[in-house]
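Chains A and B supply the protein sequences, listed in that same order. Read in the working numbering, the first sequence has 65 at position 63, and its numbers run on one by one without any break. Read in the working numbering, the second sequence has 32 at position 34, and its numbers run on one by one without any break.
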Amino acid sequence: AQSVTQPDIHITVSEGASLELRCNYSYGATPYLFWYVQSPGQGLQLLLKYFSGDTLVQGIKGFEAEFKRSQSSFNLRKPSVHWSDAAEYFCAVGPIQGAQKLVFGQGTRLTINP
Amino acid sequence: DTAVSQTPKYLVTQMGNDKSIKCEQNLGHDTMYWYKQDSKKFLKIMFSYNNKELIINETVPNRFSPKSPDKAHLNLHINSLELGDSAVYFCASSQRTGMNTEAFFGQGTRLTVV
């Protein structure tokens, strides 16, 4: 079955430090991969997506992610975090067996220390 | 203009009541979804409609009934509300055809059943 694992439930980093959020997926075909961010009390905003082509994708707010097929990973990175990056981050894979749905990881809560 | 809008944003109701959540998208997408986010922030799809036709129904109790009057609207009606229905419900939309299956999410409706 298709699944997404985000191994880190909660990560704390200092403002200005670099960030990497991990995402591993299980999927039988070429996946479409997404990272969404959810700020407190807000909806989900798409940070970036991978469909095909260049395995390093750039997103909004200075985020990037790298697709590594051999490791079934799609880790999210940012060179220098800002206090406003504190939020919940979700990795997702889709579509699933042609059905237009996303399967989400359990999320990683990011806390920023001043 | 808001791309995917849900109303209400907050809903507090007693057990046994019937309630509806409305969703509208102005992106011209042909597919709409309802996702449920539980208290542990886990997101799971409930329903998907394509051009007003139900295409995904993920083992959701039949107390939940989606209705799509046109492809820009997908409402969620819940009968006989239970405590376990308390969650945040997200509406989303995407374009089914073509390569871009990026989903846009609404702000969510926080349902509290007391």
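Virtual Cβ for every residue (Gly too), placed ideally from N, Cα, C. Please read all numbers here as calculations on a predicted model, not as lab measurements.
query	result
Arg24/A, DSSP secondary structure in three states	coil
Min CB distance Tyr87/B to chain A below 8 Å	no
Amino acids of chain A, ordered along the chain, whose beta-carbon sits closer than 9 Å to that of Lys50/B	Ordered by position in chain A, no residue passes the 9 Å Cβ test against Lys50/B, which lies about 14 Å from the chain.
For Asp68/B, the residue or residues it bridges with in DSSP	His71/B
Same chain, Cβ closer than 8 Å to Ser54/A, five either side skipped, listed in chain order	Thr32
Where Leu109/B sits in the DSSP three-state scheme	strand
Option in Gly30/A, Ile11/A, Glu90/A and Ser41/A with minimal Cα separation from Ala3/A	Gly30/A
Secondary structure of Arg94/B, DSSP reduced to three states	coil
Minimum Cβ-Cβ distance from Ser37/B to chain A less than 8 Å	no
CA-to-CA distance, Lys80/A to Cys25/A, given in whole angstroms	14 Å
Chain B residues whose Cβ lies nearer than 7 Å to that of Phe92/A	Leu41
Distance CB(Leu109/B)-CB(Met13/B) smaller than 8 Å	no
Cβ contact (3+ pairs, closer than 8 Å) linking the segment 99 to 113 of chain A and the segment 29 to 40 of chain B	yes
Chain A residues whose Cβ lies nearer than 8 Å to that of Ser92/B	Gln102
Validate contact between the segment 13 to 23 of chain A and the segment 38 to 57 of chain A using beta carbons, cut 8 Å, 3 pairs	no
Residue-chain proximity (Phe106/A, chain E), Cβ-Cβ < 8 Å	Annotation note: the requested chain E is absent from the structure, which comprises protein chains A and B.
Three-pair Cβ contact test at 8 Å for the segment 18 to 25 of chain B versus the segment 61 to 75 of chain B	yes
Alpha-carbon spacing of Leu9/B relative to Val86/B, whole angstroms	10 Å
Spatial distance of Thr103/B from Leu46/A (CA atoms)	Per the sequence shown, residue 103/B should be read as Phe rather than Thr. Rounded to the nearest angstrom, the two C-alpha atoms are 6 Å apart.
Continuous beta strand (DSSP E) stretch holding Ala67/A: start and end	Glu66 to Lys70
Short CB-CB distance (under 8 Å) between Gly109/A and chain B	yes
Separation of Leu25/B from Tyr91/A, as counted between CA atoms	24 Å
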